[in-house]
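S.K.: My structure is below; once you've seen it, I'll send some questions.
2 protein chains.
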Amino acid sequence: MPEERTWSISQLAEEFDVSTRSIRFYEEKGLLSPERSGGGYRIYNKRDRARLKLILRGKRFGMSLDEIEDILGLGTVDMDEAEQIRKAISYGERIMADVVDRIEEMKLMHQDLLEVGQKMHDRLAELEAAENEDETAAD
Amino acid sequence: MPEERTWSISQLAEEFDVSTRSIRFYEEKGLLSPERSGGGYRIYNKRDRARLKLILRGKRFGMSLDEIEDILGLGTVDMDEAEQIRKAISYGERIMADVVDRIEEMKLMHQDLLEVGQKMHDRLAELEAAENEDETAAD
DNA sequence: TGTTACGTTTACGTAAACGTAAACGTTGAC
DNA sequence: GTCAACGTTTACGTTTACGTAAACGTAACA
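Line by line, the protein sequences give chains L and R.
For the first sequence, the residue numbers in my numbering are 151 to 289.
For the second sequence, the residue numbers in my numbering are 151 to 289.
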């Protein structure tokens, strides 16, 4: 049986380009709960690492840690009660709809940026055309 | 000539579901600069309104106000200097690439959520199947 | 066995993005 | 003209998400 791979806090910090302080902070908030070594060092397993990944992904598009906490909770809901699962599903659907909305908005933002870029290109072409006219006039 | 439509601060606040304090804060940061009435009231025109829209859209996917400030600056760069425009374009392209990356990440997030949802549905189906078995056994 | 890098907790500090309250002026309706 | 609704500035308070430093323990390695 191959021993499962684990990571130290600084290994994860470097891999995901985040401070160790941040990782500890996520733990303070209850978003992570790694095992400890005999000496008290944090030991992160594959699952902890995946959670951290999800936390950072959430942050990168503007979710607060509280919102992320809700989403993480979805994966660990008590699976013994069908009613709880149904609630979790409907909650998850609300969150998902929100995510889809945000994707749509980002596409709009992307469109805005494209338009600004287009305007600048147009203006640049005008300026360059004017320059060429000057040269022609000078001939 | 039709007078251009204008808005008060509270009209915009209500329309975009944001506090008047926030709108004033954006102005403090230099992101907005509406005209003033004789009595000192802020008067927002179509262009101010569009800027506010863009600010809020940016915030909704995790941009800081400083980043938003950079993007807004792209639209108002001094258009008289071709070199400035070229710089603005290359800067804009960097920001755009970042936006595209974020869209990709959000799609991944969406995928994660779909998987969690699928797992829950599966588990629910299991539980319901077990219930039906009980009923059958009871017959 | 000592040094060096890495880790721990505790605790105070900070920047961003507002909230909230005070004290006051402006607009518009009646 | 007066009253309510709306607006203004000033300024201090608050929350989130960490940064930073102190004082100390641990792991790995020569």
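Don't be surprised by glycine CBs; every beta carbon is placed ideally from N, CA and C.
Just how far apart, CA to CA, sit residue 266(R) and residue 192(R)?
M.R.: Looking up residue 266(R) in the second sequence gives position 116. Looking up residue 192(R) in the second sequence gives position 42. Rounded to whole angstroms, residue 266(R) to residue 192(R) spans 48 Å at the Cα level.
S.K.: Which whole-angstrom value is the C-beta distance of residue 122(L) and residue 182(L), which I expect to be below 8 Å?
M.R.: Examination of residue 122(L) is not possible in this model, given that chain L is present from 151 through 289 alone.
S.K.: For residue 210(L), which of helix, strand or coil comes out of DSSP?
M.R.: Translated into positions along the first sequence, residue 210(L) becomes position 60. Here residue 210(L) sits in coil by DSSP.
S.K.: CA-CA distance, residue 282(L) and residue 194(R)?
M.R.: Along the first sequence, one-based indexing puts residue 282(L) at 132. Along the second sequence, one-based indexing puts residue 194(R) at 44. One C-alpha to the other measures close to 41 Å.
S.K.: Is residue 155(L) helix, strand or coil when you go by DSSP?
M.R.: Translated into positions along the first sequence, residue 155(L) becomes position 5. It is coil, neither helix nor strand.
S.K.: For the alpha helix (DSSP H) holding residue 172(R), just list the boundary residues, first then last.
M.R.: Position 22 of the second sequence holds residue 172(R). Run containing residue 172(R): 170 to 178, per the alpha helix (DSSP H) assignment.
S.K.: So, under 8 Å CB-CB, residue 256(R) and residue 256(L) are touching, yes? Tell me the CB distance rounded to an integer number of Å.
M.R.: To locate residue 256(R), count along the second sequence from 1; it is residue 106. To locate residue 256(L), count along the first sequence from 1; it is residue 106. At roughly 7 Å, the Cβ-Cβ gap stays under 8 Å, so residue 256(R) and residue 256(L) are in contact.
S.K.: CB-CB under 8 Å to residue 186(R), same chain, minus the five flanking residues each way: which ones, in chain order?
M.R.: Here the question's residue 186(R) lines up with position 36 in the second sequence. Here the set comprises 192 and 193.
S.K.: Using C-beta distances below 8 Å, list every residue in its chain close to residue 179(R), excluding the 5 sequence neighbours before and after it, in chain order.
M.R.: Numbered from its first residue, the second sequence carries residue 179(R) at position 29. Around residue 179(R): 215 and 219.
S.K.: Use the C-beta contact count for residue 188(R): other C-beta atoms within 10 angstroms, 16 or more gives buried, fewer gives exposed.
M.R.: Indexing the second sequence from 1 puts residue 188(R) at position 38. Exposed.
S.K.: With C-beta atoms as the reference, is residue 270(L) less than 9 Å away from residue 208(R)?
M.R.: Position 120 of the first sequence, counted from the first residue, corresponds to residue 270(L). Position 58 of the second sequence, counted from the first residue, corresponds to residue 208(R). No. Outside cutoff.
S.K.: Kindly give me the distance between the Cβ atoms of residue 262(L) and residue 204(R), rounded to whole angstroms, as I take these residues to be in contact under 8 Å.
M.R.: For the purposes of this step, residue 262(L) is taken as residue 112 along the first sequence, with counting starting at 1. For the purposes of this step, residue 204(R) is taken as residue 54 along the second sequence, with counting starting at 1. About 6 Å separates the two Cβ atoms, so the contact holds.
S.K.: What whole-angstrom Cβ distance do residue 210(L) and residue 252(R) have, given they're in contact under 8 Å?
M.R.: Looking up residue 210(L) in the first sequence gives position 60. Looking up residue 252(R) in the second sequence gives position 102. Right, their Cβ atoms sit about 7 Å apart.
S.K.: Inspect the beta-carbon positions of residue 264(L) and residue 236(R) and report whether they are closer than 9 Å.
M.R.: Your numbering for residue 264(L) matches position 114 in the first sequence. Your numbering for residue 236(R) matches position 86 in the second sequence. The answer is no: Cβ separation not under 9 Å.
S.K.: Counting C-beta neighbours from all protein chains within 10 Å, is the total for residue 171(L) 16 or more, i.e. buried, or is it exposed?
M.R.: Position 21 of the first sequence, counting from 1, holds the residue named residue 171(L). So residue 171(L) ends up on the exposed side.
S.K.: Would you tell me roughly how many angstroms separate the C-alpha atoms of residue 345(R) and residue 164(R), rounded to the nearest one?
M.R.: The structure shown has nothing for residue 345(R), since chain R only spans 151 to 289.
S.K.: Establish whether the CB of residue 243(L) and some CB of chain R are separated by less than 9 Å.
M.R.: The residue you call residue 243(L) lines up with position 93 of the first sequence. By this cut-off, residue 243(L) is an interface position.
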